[in-house]
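Chemist:
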Amino acid sequence: MSFELKPVPSPRPSKTDLSVVLPIYDEEESLGELLDNLFAVLDGLGRTYEIWCVNDGSHDRSSEILHEIAKRRPELHVLDFRRNFGQTAALQAGFDHARGDIIVTLDADLQNDPADIPRLLEKLDEGYDVVSGWRANRKDAAISRNLVSRIANGIISHISGVKLHDYGCTLKAYRRDVMSGVRLYGEMHRFIPIYASWRGARVVEMPVGHAARRYGKSKYGLNRIFKVVLDLMVLKFLESYLVKPIYVFGGFGLFSIVLSFITLAGAIALKLFAHTSLIQTPLPLLAAMLFLMGCMSILLGLLAEIMTRTYFESQGGRPYAVRNIKENE
Ligand code: UDP
Ligand code: MG
Numbered sequence: 253m254s255f256e257l258k259p260v261p262s263p264r265p266s267k268t269d270l271s272v273v274l275p276i277y278d279e280e281e282s283l284g285e286l287l288d289n290l291f292a293v294l295d296g297l298g299r300t301y302e303i304w305c306v307n308d309g310s311h312d313r314s315s316e317i318l319h320e321i322a323k324r325r326p327e328l329h330v331l332d333f334r335r336n337f338g339q340t341a342a343l344q345a346g347f348d349h350a351r352g353d354i355i356v357t358l359d360a361d362l363q364n365d366p367a368d369i370p371r372l373l374e375k376l377d378e379g380y381d382v383v384s385g386w387r388a389n390r391k392d393a394a395i396s397r398n399l400v401s402r403i404a405n406g407i408i409s410h411i412s413g414v415k416l417h418d419y420g421c422t423l424k425a426y427r428r429d430v431m432s433g434v435r436l437y438g439e440m441h442r443f444i445p446i447y448a449s450w451r452g453a454r455v456v457e458m459p460v461g462h463a464a465r466r467y468g469k470s471k472y473g474l475n476r477i478f479k480v481v482l483d484l485m486v487l488k489f490l491e492s493y494l495v496k497p498i499y500v501f502g503g504f505g506l507f508s509i510v511l512s513f514i515t516l517a518g519a520i521a522l523k524l525f526a527h528t529s530l531i532q533t534p535l536p537l538l539a540a541m542l543f544l545m546g547c548m549s550i551l552l553g554l555l556a557e558i559m560t561r562t563y564f565e566s567q568g569g570r571p572y573a574v575r576n577i578k579e580n581e
């Protein structure tokens, strides 16, 4: 994944108050009940709304069921992927098509409760840009899911500096403008609040209900944890150094060169004071390698600098985000 710093304009102009985005992969048993609940909640809000169901290449009857309901409910839009691209891609597709001023995401397996949506919206109305659900009473396997996720959440919170308890909860509400420019890859959808917060959005967390999965089974195993950690590293790197890659590469390069001089000094000292010939120790070789590695790394950093310039200038991106401007004559 990477997040782009350019302000990609949302492809579609805002048209409704609220868009709800659902990623769906083989959830045929849950869809009827879920959409009934969702419509009931949304109808009671007194806001205009639309629902985007993104069918992520389901092999069951999910698509038929969705199209059937969409015939009755014009608010329901269905987007069928050609194959399974993953939950993050499904959410991204939803964001690309959504036209609401506010975008709410939730899982389609009845684990998130649509009844929590009004509370999320109230929080947004208080002036927050992102409200993130926290499954305070999570109903998943104790060790393999809850414990692992608790540790992962701790690490993410530490590295990102954005203190949330539960990044993985899909039930979240976003103000549309914080989503502009967000491009999601890999398992990145869980990091949107972090990214938004880094760019100056006001992010808040709110406990939401959580139910055990009643139908079908979870689409994820333990390997997700590695993907999440790697994605976090990419995110951190891009956020901190996309604008100044020379700090990373050059920093490493300088460190390596300093180390090479120390090694060389060691070799010379051994020669002078311990009468060990230069070819009797691996130190001169090590010094040469460290020196070369340092030079290469600095050159790579310079190359990366050229690349980020090409990137920003060709895409019209800006290394900052503006909340609003008041410009006088
Ligand atoms: N999902 C998806 N594509 C995938 C995997 C999952 O759209 O490749 C959807 C799935 O249908 C569900 C949500 O993402 O609505 C969360 O998936 P799941 O319940 O398996 O994750 P868990 O709750 O176990 O973390
Ligand atoms: Mg689930």
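Numbering (the working numbering), first residue to last: 253 to 581.
Just so you know, even glycine gets a beta-carbon here, dropped at the ideal spot from N, CA and C.
Quick caveat, the model's predicted, so the values are computed rather than measured.
Indicate whether the contact test is met: 3 or more Cβ pairs, each with one atom in the stretch 371–378 and one in the stretch 387–395, closer than 8 Å.
Modeler: no
Chemist: Which partner residues of His527 appear in the DSSP bridge assignment?
Modeler: Here residue 527 refers to the residue found at position 275 of the sequence shown. Paired residues: none, contrary to the question.
Chemist: When burial is assigned at 16 or more other CB atoms within 10 Å of the CB, is Pro326 buried or exposed?
Modeler: By 1-based counting over the sequence shown, the position of residue 326 is 74. Looking at its Cβ environment, which holds fewer than 16 other Cβ atoms inside 10 Å, Pro326 is exposed.
Chemist: Apart from the five residues on each side of it in sequence, which residues of its chain come closer than 8 Å, Cβ to Cβ, to His329?
Modeler: For the purposes of this step, residue 329 is taken as the residue at position 77 of the sequence shown. Closer than 8 Å at Cβ, skipping near neighbours: Glu302, Ile303, Trp304, Cys305, Ala322 and His349.
Chemist: So, for Asp479: in the same chain, excluding its five sequence neighbours on each side, which residues have a beta-carbon less than 7 Å away from its beta-carbon?
Modeler: If you number the sequence shown from 1, residue 479 lands on position 227. Contrary to the premise, residue 479 reads as Lys rather than Asp in this sequence. Cβ-Cβ distances below 7 Å link Lys479 to Gly438 and Glu439 in the same chain, with the five nearest sequence neighbours on each side left out; the list follows chain order.
Chemist: Between Ala540, Val486 and Glu285, which lies nearest to Val510 when the distance is taken from Cα to Cα?
Modeler: For the purposes of this step, residue 510 is taken as the residue at position 258 of the sequence shown. The shortest C-alpha separation from Val510 is found at Ala540.
Chemist: Work out the CA separation of Ala448 and Ala592 for me, nearest whole Å.
Modeler: There is no way to answer for residue 592, as the model of the chain reaches only from 253 to 581.
Chemist: Check whether the Cβ of Asp308 lies closer than 8 Å to any heavy atom of the ligand UDP, and answer yes or no.
Modeler: Start at 1 with the first residue of the sequence shown, and residue 308 comes out as number 56. At least one heavy atom of the ligand UDP is nearer than 8 Å to the Cβ of Asp308, so yes.
Chemist: If you reduce the DSSP assignment to three classes, tell me which class Lys424 lands in.
Modeler: Locating residue 424 in the sequence shown gives position 172, counting from the first residue. DSSP places Lys424 in the strand class (E or B) of the three-state scheme.
Chemist: Closer than 7 Å between the C-beta and any heavy atom of the ligand MG: which residues qualify, listed along the chain?
Modeler: Asp359, Asp361, Gln363, Arg465 and Ser470
Chemist: For Ser409, I'd like the list of residues in its chain whose CB is within less than 7 Å of its CB, leaving aside the five on either flank, ordered along the chain.
Modeler: In the sequence shown, counting from the first residue as 1, residue 409 sits at position 157. These residues qualify, in order along the chain: Lys415 and Leu416.
Chemist: With a cut-off of 8 Å, do at least 3 Cβ pairs link the stretch 474–490 to the stretch 511–530?
Modeler: no
Chemist: Run the proximity test for Ile408: is its beta-carbon closer than 8 Å to any non-hydrogen atom belonging to the ligand UDP?
Modeler: Within the sequence shown, numbered from 1, the residue matching residue 408 stands at position 156. Ile408: no, Cβ never under 8 Å from the ligand UDP.
Chemist: Start and end of the alpha helix (DSSP H) containing Gly284?
Modeler: Looking up residue 284 in the sequence shown gives position 32. Run containing Gly284: Glu280 to Asp295, per the alpha helix (DSSP H) assignment.
Chemist: Between which two residues does the beta strand (DSSP E) carrying Val495 extend?
Modeler: Numbered from its first residue, the sequence shown carries residue 495 at position 243. No beta strand (DSSP E) contains Val495, which DSSP labels as neither H nor E.
Chemist: By alpha-carbon positions, which one of Gln532, Gly406, Arg387 and Asp353 ends up nearest to Val273?
Modeler: Counting from one through the sequence shown, the residue named residue 273 turns up at place 21. Comparing alpha carbon positions, the residue from Gln532, Gly406, Arg387 and Asp353 closest to Val273 is Asp353.
Chemist: Any heavy atom of the ligand UDP closer than 8 Å to the CB of Pro366?
Modeler: Residue mapping note: residue 366 aligns to position 114 of the sequence shown, counting from 1. Because no heavy atom of the ligand UDP lies under 8 Å away, the Cβ of Pro366 does not count as near it: no.
Chemist: The alpha helix (DSSP H) with Asn580 in it runs from where to where?
Modeler: For the purposes of this step, residue 580 is taken as residue 328 along the sequence shown, with counting starting at 1. Where Asn580 is concerned, there is no enclosing alpha helix (DSSP H), given that its DSSP letter is neither H nor E.
Chemist: Taking the alpha-carbon of Lys488 as reference, which of Met548, Ile446 and Pro459 has the nearest alpha-carbon?
Modeler: By 1-based counting over the sequence shown, the position of residue 488 is 236. If we check each option's Cα against that of Lys488, Ile446 comes out closest.
Chemist: Could you tell me which whole beta strand (DSSP E) segments of length 3 or greater appear in the stretch 330–390?
Modeler: 352–357 and 382–386
Chemist: Residue range of the alpha helix (DSSP H) that Leu318 falls in?
Modeler: As a position in the sequence shown, residue 318 is number 66, starting the count at 1. Run containing Leu318: Ser314 to Arg324, per the alpha helix (DSSP H) assignment.
Chemist: Just the C-alpha distance for Glu256 and Val434, rounded to the nearest angstrom, thanks.
Modeler: Here residue 256 refers to the residue found at position 4 of the sequence shown. Here residue 434 refers to the residue found at position 182 of the sequence shown. A caution first: Glu256 carries a pLDDT of 47, below 50, which makes its placement in the model too unreliable to give a value.
Chemist: Pull up the distance between the alpha-carbon of Met559 and that of Met548, whole angstroms please.
Modeler: Within the sequence shown, the letter at position 307 stands for residue 559. Within the sequence shown, the letter at position 296 stands for residue 548. Distance between the alpha carbons of Met559 and Met548: 16 Å.
Chemist: Measure the alpha-carbon distance for Gly553 versus Tyr493 and round it to whole angstroms.
Modeler: What you label residue 553 is simply residue 301 of the sequence shown in a count that begins at 1. What you label residue 493 is simply residue 241 of the sequence shown in a count that begins at 1. Rounded to the nearest angstrom, the two C-alpha atoms are 11 Å apart.
Chemist: Quick check on Asp392: does DSSP put it in helix, strand or coil?
Modeler: As a first step, residue 392 must be located in the sequence shown, where it is residue number 140. In the three-state reduction of the DSSP assignment, Asp392 falls in the coil class, being assigned neither a helical nor a strand state.
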